[in-house]
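Protein chains in written order, with this note's numbering: chain A, 6 to 166; chain B, 8 to 398.
We put the beta carbon where it would ideally sit given N, CA and C, even for glycine.
Computed from a predicted structure; not experimentally measured.
Worksheet: the structure to be examined is printed underneath.
Structure, rendered in structure tokens:
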């Protein structure tokens, strides 16, 4: 049941409880309880809107930064990760396997702003050994959704047997 | 000049859906719930395999019966899904859609004047194909009170000593009806007793919402008297690829393949390569689409009942088949007025046989947003009818 609800709202959080209940063939109370539980358990962590800022006229810059750090005894990577993710500019932080330790995704208004953040805030941290900044030029697909794709016309014939 | 046409062909009625299609296509910005094909695109990995086969230059004929690896995968699929094993070499061949298999099957099995039992409402081609094969169609009118399932009694009422073939079109287009274990057992017993052959059109077999699809071919004594027809159109959203198959006793398949060889040569090669991928790695896609259909199905049945339209719960395909009898209009009138007044296209039940009178076929192979808009318009239409006291 949880899985069915999550699959439904993962791509459309606008569905209301009565609609979900009808579509899954269960009662509204059941759906509401199930969602409340999942919120408490932090399975559902938020209800966001996927926005293509490029189409709003507001300039936005996204950068993906590979960061090498020194883990701290007893705390591993968590402490340094926290120091990084607490900045508002930071949209995401992942611990990685492989050639570097953390992926940090930064969003800023201009290239200069992002560069400034890296130079002033991120790189000088004591535990940070090195950074490598990659600017995103174009987003093709994000969160499973193809960006900038206008809704496809239904090209099927109107009536078929 | 002599009449260039065959009288037999001229006498065949054109599909009732055609007439309605002509009206709909004249209509600007109509919303349609009239489509009989999936709204999903073919899953990308399947399309990609088709593209790859083109890049590789696999643009030749395949053997008449189809690619060996495809026939092999079909045999494995049928074993897995309906628990019937077929020899991929002699009991399966690949067709241009399920439609070809229906045509070839009837041509191979009928002698002039032999009768074919056709339960209706059902897909439009059984009756004309029977006529083209020289057979005589005998219609069984399925009943709403039985949820449009076929019963043994209904067969017995229509069986004569000339009856040879029973068409078994379940899960059903247009009603959405399915046949469950007990229903099939009863039908199977009659078939054995009366020595009938069955053409079981299982094109919607992956789209059932109440347990797994069961094939009559898996019933005792039925494998040797059943031709199973299935294909890729509905399960894998591959209508435009035109690919289906028939599986059955060697005796019949051999003859169907002979006709296929003369009429068709072989099914499209690109489609066959894509279909191999579909059968090998497509189970998850099928599951995902089935879940989506099921959710819309519940949504739609619920919405129609709230509007006060009688609608039995359909457990198969992607159609619901509500009754509009209480409005005192024919299906054709209702559908035409709904189109003219609210610009929503649905298909009158009569397109699928006379006994579809009083019903509409409504397809839920549409996005939820699309369904919501259409439902609002249908609601408006019905409210107006009720205010005017037309029911």
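If we ignore side chains and look at the alpha-carbon of each, how far apart do residue i and residue j end up?
{"i": "residue 112 (chain A)", "j": "residue 119 (chain A)", "result": "7 Å"}
{"i": "residue 280 (chain B)", "j": "residue 75 (chain B)", "result": "11 Å"}
{"i": "residue 136 (chain A)", "j": "residue 127 (chain A)", "result": "8 Å"}
{"i": "residue 75 (chain A)", "j": "residue 44 (chain A)", "result": "34 Å"}
{"i": "residue 119 (chain B)", "j": "residue 11 (chain B)", "result": "23 Å"}
{"i": "residue 86 (chain B)", "j": "residue 93 (chain B)", "result": "8 Å"}
{"i": "residue 355 (chain B)", "j": "residue 377 (chain B)", "result": "20 Å"}
{"i": "residue 126 (chain B)", "j": "residue 216 (chain B)", "result": "22 Å"}
{"i": "residue 170 (chain B)", "j": "residue 201 (chain B)", "result": "9 Å"}
{"i": "residue 288 (chain B)", "j": "residue 101 (chain B)", "result": "19 Å"}
{"i": "residue 158 (chain A)", "j": "residue 42 (chain B)", "result": "14 Å"}
{"i": "residue 273 (chain B)", "j": "residue 249 (chain B)", "result": "12 Å"}
{"i": "residue 87 (chain A)", "j": "residue 78 (chain A)", "result": "15 Å"}
{"i": "residue 35 (chain B)", "j": "residue 137 (chain B)", "result": "37 Å"}
{"i": "residue 25 (chain B)", "j": "residue 96 (chain A)", "result": "55 Å"}
{"i": "residue 41 (chain A)", "j": "residue 50 (chain A)", "result": "11 Å"}
From the DSSP output, in three-state form, read off residue i for me.
{"i": "residue 311 (chain B)", "result": "helix"}
{"i": "residue 237 (chain B)", "result": "strand"}
{"i": "residue 319 (chain B)", "result": "coil"}
{"i": "residue 52 (chain B)", "result": "helix"}
{"i": "residue 357 (chain B)", "result": "helix"}
{"i": "residue 41 (chain B)", "result": "strand"}
{"i": "residue 150 (chain B)", "result": "coil"}
{"i": "residue 85 (chain A)", "result": "helix"}
{"i": "residue 145 (chain B)", "result": "strand"}
{"i": "residue 257 (chain B)", "result": "helix"}
{"i": "residue 398 (chain B)", "result": "Note that residue 398 (chain B) scores 49 on pLDDT, short of 50, meaning its location in the model is unreliable; the coordinates nonetheless yield the value given after this. Residue 398 (chain B) falls in the coil class under three-state DSSP."}
{"i": "residue 126 (chain B)", "result": "strand"}
{"i": "residue 225 (chain B)", "result": "helix"}
{"i": "residue 25 (chain A)", "result": "helix"}
{"i": "residue 212 (chain B)", "result": "coil"}
{"i": "residue 330 (chain B)", "result": "strand"}
{"i": "residue 92 (chain B)", "result": "coil"}
List the whole-angstrom C-beta distance separating residue i from residue j, where the pair is believed to meet the contact cut-off of C-beta under 8 Å.
{"i": "residue 161 (chain B)", "j": "residue 147 (chain B)", "result": "5 Å"}
{"i": "residue 186 (chain B)", "j": "residue 214 (chain B)", "result": "Their Cβ separation, rounded to whole angstroms, is 14 Å, which puts residue 186 (chain B) and residue 214 (chain B) out of contact at 8 Å."}
{"i": "residue 392 (chain B)", "j": "residue 30 (chain B)", "result": "Contact doesn't hold; Cβ gap of about 20 Å is too wide."}
{"i": "residue 18 (chain B)", "j": "residue 115 (chain B)", "result": "No, residue 18 (chain B) and residue 115 (chain B) are not in contact; Cβ-Cβ is about 22 Å, not under 8 Å."}
{"i": "residue 252 (chain B)", "j": "residue 323 (chain B)", "result": "In fact, because the Cβ distance is near 20 Å, the residues do not count as touching under 8 Å."}
{"i": "residue 113 (chain B)", "j": "residue 123 (chain B)", "result": "7 Å"}
{"i": "residue 139 (chain A)", "j": "residue 69 (chain A)", "result": "5 Å"}
Using a Cβ-Cβ cut-off of 8 Å (strictly less than) and excluding sequence neighbours within five positions of residue i, which residues of its own chain qualify?
{"i": "residue 37 (chain A)", "result": "22"}
{"i": "residue 195 (chain B)", "result": "223, 226, 227, 228 and 229"}
{"i": "residue 331 (chain B)", "result": "316, 338, 341, 365, 366 and 367"}
{"i": "residue 312 (chain B)", "result": "318"}
What residue does the beta strand (DSSP E) around residue i start on, and which one ends it?
{"i": "residue 369 (chain B)", "result": "367 to 370"}
{"i": "residue 96 (chain A)", "result": "95 to 100"}
{"i": "residue 68 (chain A)", "result": "66 to 74"}
{"i": "residue 172 (chain B)", "result": "170 to 175"}
{"i": "residue 66 (chain B)", "result": "First-last for residue 66 (chain B): undefined, no H or E at that position."}
{"i": "residue 133 (chain A)", "result": "133 to 140"}
{"i": "residue 111 (chain A)", "result": "107 to 113"}
{"i": "residue 99 (chain B)", "result": "99 to 102"}
Just to confirm my understanding: we take residue i, look at its own chain, exclude 5 residues before and 5 after, and list those with CB closer than 6 Å. What are they?
{"i": "residue 32 (chain B)", "result": "none"}
{"i": "residue 46 (chain B)", "result": "372 and 373"}
{"i": "residue 257 (chain B)", "result": "97 and 98"}
Determine the extent of the alpha helix (DSSP H) in which residue i is found, giving its start and end residues.
{"i": "residue 338 (chain B)", "result": "338 to 349"}
{"i": "residue 375 (chain B)", "result": "375 to 394"}
{"i": "residue 276 (chain B)", "result": "276 to 288"}
{"i": "residue 118 (chain A)", "result": "116 to 122"}
Looking only at its own chain, which residues have a Cβ that is under 7 Å from the Cβ of residue i, when we skip the five neighbours before and after it?
{"i": "residue 39 (chain A)", "result": "6, 7 and 10"}
{"i": "residue 198 (chain B)", "result": "173, 205, 229 and 232"}
{"i": "residue 398 (chain B)", "result": "With a pLDDT of only 49 at residue 398 (chain B), under 50, the local geometry of the prediction cannot be trusted, and the value read off the model is given with reservation. Hits under 7 Å: 333, 334, 335 and 392."}
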